[in-house]
Amino acid sequence: MEHKQSHRAATGTAIAGALLAAAAVSGLPAAADAQAPMVYVADLAPLNTTVTGKAAAGKVTFTVKGDSLTIATDATGLAKGITHWQHFHGFKDGQDAACPAKSADANGDGIIDLIETGPAAGTTMVPFIDDPVSMDVAHGTYPTASAGGALHYRKTVSLSALQEAFAKAFEGQKLDLDKRVVFLHGVPSDTRLAASVASLGPIPAQVTLPIACGRITRVK
1 MEHKQSHRAA
11 TGTAIAGALL
21 AAAAVSGLPA
31 AADAQAPMVY
41 VADLAPLNTT
51 VTGKAAAGKV
61 TFTVKGDSLT
71 IATDATGLAK
81 GITHWQHFHG
91 FKDGQDAACP
101 AKSADANGDG
111 IIDLIETGPA
121 AGTTMVPFID
131 DPVSMDVAHG
141 TYPTASAGGA
151 LHYRKTVSLS
161 ALQEAFAKAF
171 EGQKLDLDKR
181 VVFLHGVPSD
191 TRLAASVASL
201 GPIPAQVTLP
211 IACGRITRVK
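Going by the working numbering, 62 is the number at position 62 of the sequence shown; the sequence numbering is gapless.
Below you can see the structure in the form of structure tokens.
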């Protein structure tokens, strides 16, 4: 009897942990079914096509099941053979983020640079790299597009570990996926850009130039 009670208690603790982790994703009530996966999708639309000469498109899928979060990117129309940074962006105060409209080009140079995405999309938050939980935006390993300009990325992480890292980085905020947007970035290093195209610190604008964006929405 004691063994059964101990087993039930352990099972209950595990389920409770999974429910709390799931709730951290989008403010879902802790009574949600921990066994039913939650799925969020960002459909990517092209940005800065006058620079890229391509129409980047694709989908980023976030699948939550228990304490597992799987992030999967499938995109085409990218500059071939180069590394493309990818992240979700959002606001530290929890307001809804959006992909930038053409009017985001504040300096009128015909390009929406990373800095100009800020008013609509907020700041860079979680990088889709070899270790998203590290939150290492500048030094993580990002995927490289194939010779055909396609990118495929898939990574499963502990949801609770990512939430903990996220809360440390953003003053106790929850992941709140349905308040975020996804950006793909990057054009070849020899792409000529006007001096007015801004980036972050010493990082070349060719690395951070947004080439696609999609709002994350829950679909399941």
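Backbone N, C-alpha and C fix where the C-beta goes; we use that ideal spot for every residue, glycine too.
Run the CB neighbour count on Gly122, radius 10 Å, all protein chains shown included, and call it buried at 16 or more, exposed below.
A residue is called buried once 16 or more other Cβ atoms fall within 10 Å of its Cβ, and Gly122 is buried on that count.
Cβ of Phe170 within 9 Å of Cβ of Phe128?
Remark: C-beta atoms of Phe170 and Phe128 do not approach each other more closely than 9 Å.
Would you please state the rounded distance, in angstroms, between the beta carbons of Lys54 and Leu78? I believe it to be under 8 Å.
The pair is a contact, with the Cβ atoms about 7 Å apart (cut-off 8 Å).
Use the C-beta contact count for His139: other C-beta atoms within 10 angstroms, 16 or more gives buried, fewer gives exposed.
His139 should be labelled exposed.
Mind checking Gln173: buried by the 16 CB within 10 Å criterion, or exposed?
Classification of Gln173: buried, given that the 10 Å Cβ count is 16 or more.
Taking C-beta to C-beta, are Pro132 and Lys168 nearer than 9 Å?
Not in contact: Pro132 and Lys168 (Cβ atoms no closer than 9 Å).
Span separating the alpha-carbon of Ala106 from that of Asp136
The alpha-carbon atoms of Ala106 and Asp136 are separated by roughly 29 Å.
Do you know how far the Cα of Ala56 is from the Cα of Ala45?
The alpha-carbon atoms of Ala45 and Ala56 are separated by roughly 7 Å.
Look at the Cβ atom of Val187, then the Cβ atom of Ile216, and state whether they are nearer than 9 Å.
Result no, Cβ atoms of Val187 and Ile216 do not sit closer than 9 Å.
Taking its Cβ as the centre, do 16 or more other Cβ atoms sit within 10 Å of His84, making it buried, or is it exposed?
Counting Cβ neighbours within 10 Å, His84 comes out buried, since at least 16 surround it.
Check whether chain C comes within 9 Å of Ala145, counting only Cβ atoms and requiring the distance to be less than that.
No chain C appears in the structure shown, which is made up of a single protein chain.
Of the residues Thr49, Pro143, Phe62 and Asp74, the one placed nearest Asp111, counting alpha carbons only
Checking the displayed sequence, the identity of residue 111 turns out to be Ile instead of Asp. Minimum Cα distance to Ile111 is reached at Thr49.
Using a Cβ-Cβ cut-off of 6 Å (strictly less than) and excluding sequence neighbours within five positions of Tyr40, which residues of its own chain qualify?
Only Phe62, Leu177, Ile216 and Arg218 meet the Cβ criterion.
Out of curiosity, what's the CA-to-CA distance linking Lys220 and Lys59?
When rounded, the distance between both Cα atoms is 15 Å.
Counting C-beta neighbours from all protein chains within 10 Å, is the total for Ala147 16 or more, i.e. buried, or is it exposed?
Classification for Ala147: exposed.
Pick from Ala145, Ser189 and Leu114: whose alpha carbon is nearest that of Leu200?
With distances taken between CA atoms, Leu200 lies nearest to Leu114 out of Ala145, Ser189 and Leu114.
Is the CB-CB distance between Lys65 and Gln35 below 9 Å?
Closer than 9 Å, so yes.
How many angstroms separate the CA atom of Lys80 from the CA atom of Val197?
Approximately 22 Å between the Cα atoms of the pair.
Nearest-angstrom Cα distance between Val157 and Gly214?
Taking the straight line from one Cα to the other gives about 22 Å.
Return helix, strand or coil for Val137, following the three-state DSSP convention.
Per DSSP, reduced to three states, the secondary structure at Val137 is coil, with no helix or strand assignment.
The beta strand (DSSP E) with Thr124 in it runs from where to where?
The continuous beta strand (DSSP E) containing Thr124 extends over residues Thr123 to Pro127.
In whole angstroms, what is the alpha-carbon distance linking Leu47 and Val207?
Leu47 and Val207: Cα-Cα distance of roughly 14 Å.
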